[in-house]
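Q:
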Amino acid sequence: MSGVPWQQGEAIPFVGAGPGNPELITVAGREALEGADLVVHAGSLVNSDVLEAYAPDARWVDSAGKDLETLVETMATAYEDGEAVVRLHSGDPSIFGAALEQIDALAEREIPAYVIPGVTAAFAASATLGTQLTLSGIANHVAITRPRGKTLDAEQDHVTEFVGMGDVTTAVYLGTHAIEGMMDRLLEAGEDPETPVAVVYHASWPDEDVIKGTISDITAQVEAAGYQASALVLIGEAVTGGGYDRSHLYGGWASDAGDDS
212 MSGVPWQQGE AIPFVGAGPG NPELITVAGR EALEGADLVV HAGSLVNSDV
262 LEAYAPDARW VDSAGKDLET LVETMATAYE DGEAVVRLHS GDPSIFGAAL
312 EQIDALAERE IPAYVIPGVT AAFAASATLG TQLTLSGIAN HVAITRPRGK
362 TLDAEQDHVT EFVGMGDVTT AVYLGTHAIE GMMDRLLEAG EDPETPVAVV
412 YHASWPDEDV IKGTISDITA QVEAAGYQAS ALVLIGEAVT GGGYDRSHLY
462 GGWASDAGDD S
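Offset between the sequence shown (1-based) and this note's numbering: plus 211.
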């Protein structure tokens with residue numbers, strides 16, 4: 212269930228904090244935080260400026276390192292004591308957030324919960340790059356994925372397949388530490404070494420950083436910058452924002468993108 216079907220305190224909202232900039236949280240998310248007594252947040256994944264701006268007087272509990280049972284008990288106890296509880300996820304709760312597990316566990320205790328969506332990092336990164344994830348004649352699809360690692364085995368890693376489709380912008384979350392392996396596999400699969408890649412660290416945060424390159428050289432740049440986490444990897448021709456076709460949406464608009472005449 213999404214939207215705001217409950218009054219403050221009647222249920223536990225799972226709020227998407229957005230990509231980092233406090234101004235990019237939704238109005239509904241901000242209002243939920245402003246009325247909170249307890250905020251269970253996603254640790255360093257959520258910019259502390261969001262908490263300081265909208266929930267300065269609430270109790271903050273960092274979810275990092277805590278198991279599902281502990282988190283649910285913390286939220287349930289506060290809720291049952293009459294407190295307004297907010298579960299604050301980074302970006303949007305529906306993307307790599309394990310929100311549904313928590314909502315289902317709360318439901319077993321007959322505690323209602325709902326989701327307030329947030330702006331995910333891929334959208335903030337696209338805005339920073341001044342491009343679109345879908346671009347006429349360039350990218351008709353967007354793949355949101357992550358690479359193999361502790362929670363994903365090789366058979367479940369589809370980064371190479373998505374990039375190989377050609378007209379896909381592939382947004383890789385949780386993959387900065389694995390960028391060398393990703394790029395090596397793309398080259399082994401025969402992908403063009405000059406395929407554009409952008410790595411956006413802390414999209415929309417004050418310390419945001421953008422690294423632009425290609426499949427062949429992005430690894431060295433990221434390693435030189437020292438980034439191991441908290442960055443989004445975008446792969447595909449749409450990363451550059453150029454070479455697109457005229458859109459059929461606007462019949463009176465003529466794009467000269469990619470046209471030297």
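No residue lacks a Cβ here, since even glycine has one placed at the ideal position from N, Cα and C.
When you compare the CB positions of Ala295 and Ala253, do they come within less than 8 Å of one another, or not?
A: In the sequence shown, residue 295 corresponds to position 84, counting from 1. In the sequence shown, residue 253 corresponds to position 42, counting from 1. No, these two residues do not count as a Cβ contact at 8 Å.
Q: What do you reckon, are the CB atoms on Gly341 and Gly240 nearer than 8 Å?
A: Reading the sequence shown from its first residue, position 130 is the one you call residue 341. Reading the sequence shown from its first residue, position 29 is the one you call residue 240. For Gly341 and Gly240, no; Cβs fall outside 8 Å.
Q: With a 10 Å radius around its C-beta and 16 neighbouring C-beta atoms as the bar for buried, classify Ala440 as buried or exposed.
A: For the purposes of this step, residue 440 is taken as residue 229 along the sequence shown, with counting starting at 1. By the 10 Å Cβ count, Ala440 comes out exposed.
Q: To the nearest angstrom, how far is the alpha carbon of Thr425 from that of Phe307?
A: Here residue 425 corresponds to residue number 214 of the sequence shown, with the count starting at 1. Here residue 307 corresponds to residue number 96 of the sequence shown, with the count starting at 1. Cα to Cα, Thr425 sits roughly 26 Å from Phe307.
Q: Please classify His459: does DSSP put it in a helix, a strand, or coil?
A: Counting from 1 along the sequence shown, the entry for residue 459 is found at position 248. Three-state result, His459: coil.
Q: Return the chain-ordered list of same chain residues with a C-beta closer than 7 Å to the C-beta of Ala400, the five sequence neighbours on each side being excluded.
A: Residue numbering aside, residue 400 sits at position 189 when the sequence shown is read from its first letter. Excluding positions up to five away in sequence, the list reads Thr371 and Gly375.
Q: Is it true that the CB of Ala243 sits closer than 8 Å to the CB of Val297?
A: Counted from its first residue, the sequence shown places residue 297 at position 86. Counted from its first residue, the sequence shown places residue 243 at position 32. The answer is yes: Cβ separation under 8 Å.
Q: What's the C-alpha gap between Gly227 and Val238?
A: Here residue 227 is taken as the residue at index 16 of the sequence shown, counted from 1. Here residue 238 is taken as the residue at index 27 of the sequence shown, counted from 1. Whole-angstrom Cα-Cα distance: 11 Å.
Q: Whole angstroms is fine: what's the gap from Gly198's alpha carbon to Val421's?
A: A query on residue 198 cannot be resolved here, the shown segment of the chain reaching from 212 to 472 and no further.
Q: Could you give the residue range of the alpha helix (DSSP H) that holds Ile429?
A: In the sequence shown, the residue the question calls residue 429 occupies position 218. Its alpha helix (DSSP H) spans residues Ile429 to Ala436.
Q: Quick check on DSSP: helix, strand or coil for Gly231?
A: Here the question's residue 231 lines up with position 20 in the sequence shown. Three-state result, Gly231: coil.
Q: Specify the secondary structure class of His413 as computed by DSSP and reduced to three states.
A: Here residue 413 refers to the residue found at position 202 of the sequence shown. If DSSP states are grouped into helix, strand and coil, His413 belongs with coil.
Q: Reducing DSSP to helix, strand and coil, say where Val283 ends up.
A: Position 72 of the sequence shown, counted from the start, is the residue given in the question as residue 283. Note: Val283 maps to helix in three-state DSSP.
Q: Determine the contact status of Ser347 and Arg270, defining contact as a CB-CB distance below 8 Å.
A: Counting from one through the sequence shown, the residue named residue 347 turns up at place 136. Counting from one through the sequence shown, the residue named residue 270 turns up at place 59. Not closer than 8 Å, so no.
Q: Around the C-beta of Asp395, are 16 or more other C-beta atoms found within 10 angstroms, so that it is buried, or is it exposed?
A: For the purposes of this step, residue 395 is identified with residue 184 of the sequence shown, where counting begins at 1. Exposed, by the Cβ-count rule.
Q: If the criterion is Cβ atoms closer than 8 Å, does the pair Ala310 and Phe225 meet it?
A: Within the sequence shown, the letter at position 99 stands for residue 310. Within the sequence shown, the letter at position 14 stands for residue 225. It is a contact, given that the beta carbons lie within the stated cut-off.
Q: Grouping DSSP H, G and I as helix and E and B as strand, with all else coil, what is Ala247?
A: Numbered from its first residue, the sequence shown carries residue 247 at position 36. In this structure, Ala247 counts as coil in the three-state DSSP scheme.
Q: In the DSSP assignment, the alpha helix (DSSP H) including Ile322 goes from what residue to what residue?
A: Here the question's residue 322 lines up with position 111 in the sequence shown. Premise fails: Ile322 is in no alpha helix (DSSP H) and is neither H nor E.
Q: Among the candidates Thr406, Ile223 and Ala431, whose CA atom is the shortest distance from the CA of Ala289?
A: Position 78 of the sequence shown holds residue 289. Comparing Cα-Cα distances from Ala289 to each of Thr406, Ile223 and Ala431, the minimum goes to Ile223.
Q: Less than 8 Å between C-beta atoms, sequence neighbours within five positions excluded: which residues of the same chain meet that for Ala324?
A: Within the sequence shown, residue 324 is the residue found at index 113, counting from 1. Around Ala324: Ala222, Ile223, Pro224, Phe225, Arg298, Gln313, Ile314, Leu317 and Ala318.
Q: Less than 8 Å between the beta carbons of Ser415 and Gly220, yes or no?
A: For this step, residue 415 is matched to residue 204 along the sequence shown. For this step, residue 220 is matched to residue 9 along the sequence shown. Cβ atoms of Ser415 and Gly220: not closer than 8 Å.
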